[in-house]
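Worksheet: the structure to be examined is printed underneath.
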Amino acid sequence: MRSPQQRIRRNQVSRTLTVPAPVAGWNARDSVAEMKPTDAVRLDNLYCTPYDVFLRKGHSQYATGMSGMVNSLMAYSPPTGTPRLFAAVGANIYDATAGGAVGAAVVTTRTSDKWQHVNFGTAGGNFLIAVNGADKLQGYDGAAWWRDGDGTHDITGKDSATFVHVCVHKARIWFVEKESLSVWYLGALSIAGAATEIDFSGLFNKGGYLMAMGSWSLDSGTGIDDYAAFITSEGQVAIYSGADPSSSTTWALVGVFDIGAPVGRRCVMKLGGDLAIICRDGLAPLSKTLLTLVSGTDKLTDKIQAVVQSYTTDYGTLFGWETQLFPAQNMMLLNVPVSSTQSVQLVQNLVHGAWARFTGWNAACFELHQGDLYFGGSGVVCKAWNTQADNGSNIAFDAQQAFTTFGQGAQQHKVQMVRALVATDGSPAITLGVNANYSLTSPTSVPSFAPTTSATWDSATWDSGLWGGDPEIKGDWQTCFAIGHSLAAHIVGACNGIQLRWSATDYLVESGGVV
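2 is the number that numbering that gives the first Met the number 0 gives to position 3 of the sequence shown; each next residue is one higher, with no gaps.
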């Protein structure tokens, strides 16, 4: 009589491991062996939220008919009346408010198109004030443009053509004189009249010239603790308190501090009550820079510090450096010109501080108008974040996630299959690979993308058009092969007219011994 055959027991060989998408953003500071799995070694044209990573939106041409690079965009934003958007190109300023072909210029025969501007309100109305260091001060009052010297808006005491930067502080307009250590200010709530000088030549021991001025607050608002900050080309800042510069009892020097050398005339941006300053060593909040020793951790760009310093070293003398807030997306953009016609943007989600890089927006300047984001390009004003393509072209993306050991140290893993969990309303062209042991090579054979089209409401034929729907989760497994103790997903691709949101990556792996 035969004995019963014993059942053969098999141990599970493969298992599925999940890693969240790189929601913590681009990390160009830490070594690849020290990064968290939610970091990214590379993150181009993707934007991070605290819960997923999505393909950035694109841009379209908004205003056309100009010749040359649009180097200045100026929004006129009155509390009542009609807002306007103006574009400066070469010798001219155009009204780009309505979009389309701009028509004749509203200001002509100027010397420079690199204007700095502010909005300022008085009892006489609301004004856009602009200076460029070459032409006399220009103003717009909601009905027409005018300039210093027209007999009605005259500035005396100094030629306003020497004013290269303008700032509003304590109900006064202030101007920085080009290639000097002097500032000039007008009377309270005045847009013309006598300009009074403050000469800082004996104050800054490193010399140089004034680059910019900012109004700095410690309480995120406008109050008695607002200070005037004067920033030099050599990386020194003088802080003054008081409202009336002519009063020795209220106007006083708080101190002179060393910061990084500023980059570009548009190096200062209001960030809440603070000032963010583009410096050679990163984007620095003035509050932290003055209260602590200057270090990488004081910078808003701490996590991408090496990249920023490389950019400022290589391209710091080019025009186009500036920062721009985009509140609708909790976004801050740092524009980096890499040539006279090309730029990239370093982009941070202000909610949780994650960084990424945008390419394909060749902007010389940015401006917020009526809550929407615009930028100046070659002969055009573009509206950003309003479409799923870059002026009809593909949006290419590249994401190299940080490496993970799945919590098992040096234990080897063999990947058999991988899938990216994405939500999309089309068929994105994606090449998905897995890098092992800190290799940063890119996946090969990136396919071209044929856009998925859907019907447009009120123009397509009813009952025959394919209507676009909400994004659907897609997670198709893809065969791949990688062996190593540390693994990372690398995704490249291109999309046109569709959405793409990445939440996680699944790996089907076999784990082995320590090698």
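All C-beta atoms, glycine included, are put in the ideal place defined by N, C-alpha and C.
Unbroken alpha helix (DSSP H) runs of no fewer than 4 residues, entirely contained in the stretch 302–350, are found at 304–314, following chain order. Its Cα nearest to that of phenylalanine 203, the residue Gly234 stands out among Ile154, Arg146 and Gly234. Taking 8 angstroms as the upper bound for CB-CB distance, isoleucine 497 and glutamine 387 are in contact here, some 6 angstroms apart. DSSP places aspartate 505 in the strand class (E or B) of the three-state scheme.
Using a 10 angstroms sphere on the CB of glycine 132, the tally of other CB atoms reaches 16 or more, which defines it as buried. Tryptophan 320 and threonine 403 have their alpha carbons spaced roughly 36 angstroms apart. Burial check for proline 21: the Cβ neighbour count within 10 Å reaches 16 or more, so the residue is buried.
Burial state of isoleucine 128 is buried, judged by a 10 Å Cβ sphere holding 16 or more other Cβ atoms. By the neighbour-count criterion, in which a residue is buried when 16 or more other Cβ atoms sit within 10 angstroms of its Cβ, serine 426 is exposed.
Taking glycine 370 as the centre and dropping the five residues before and after it, the same chain places the C-beta of Pro326 and Ala327 closer than 8 angstroms to its C-beta, in chain order.
Considered as a whole, the stretch 44–75 harbours no complete run of any alpha helix (DSSP H) with no fewer than 4 residues. Contact between glycine 315 and leucine 274 is absent: CB atoms are separated by about 19 angstroms, not below the 8 angstroms threshold. The beta carbons of glutamine 341 and phenylalanine 357 sit about 12 angstroms from each other, so the pair does not count as a contact at 8 angstroms. Taking the Cα of alanine 95 as reference, the smallest distance to any Cα among Lys205, Met65 and Met331 is reached at Met65.
For a cut-off of 8 angstroms, the C-beta gap from tryptophan 360 to isoleucine 303 is around 18 angstroms, too long to register as a contact.
Residue environment for proline 442: buried (at least 16 other C-beta atoms within 10 angstroms of its C-beta). Under the three-state reduction of DSSP, alanine 100 is assigned to strand.
If one requires a minimum length of 3 residues, the beta strand (DSSP E) runs lying completely within the stretch 127–213 are 137–139, 144–146, 162–168, 171–176, 181–184 and 195–198, in chain order. Within the DSSP secondary-structure output, lysine 413 pairs in a beta bridge with Ile482 and Glu509.
Less than 7 angstroms separates the beta-carbon of proline 77 from that of asparagine 125. Ranked by Cα distance from alanine 160, the options Asp38, His58, Lys169 and Asp147 are led by Asp147. As computed with DSSP, glycine 120 is found in a beta bridge with Asn125.
Comparing alpha carbon positions, the residue from Ile92, Ala122 and Gly206 closest to methionine 68 is Ile92. CA-CA distance, valine 508 to glycine 492, rounds to 24 angstroms. Below 8 angstroms, too few C-beta pairs join the stretch 372–381 and the stretch 469–486 to call them touching: fewer than three. DSSP places leucine 270 in the uninterrupted beta strand (DSSP E) bounded by 267–270.
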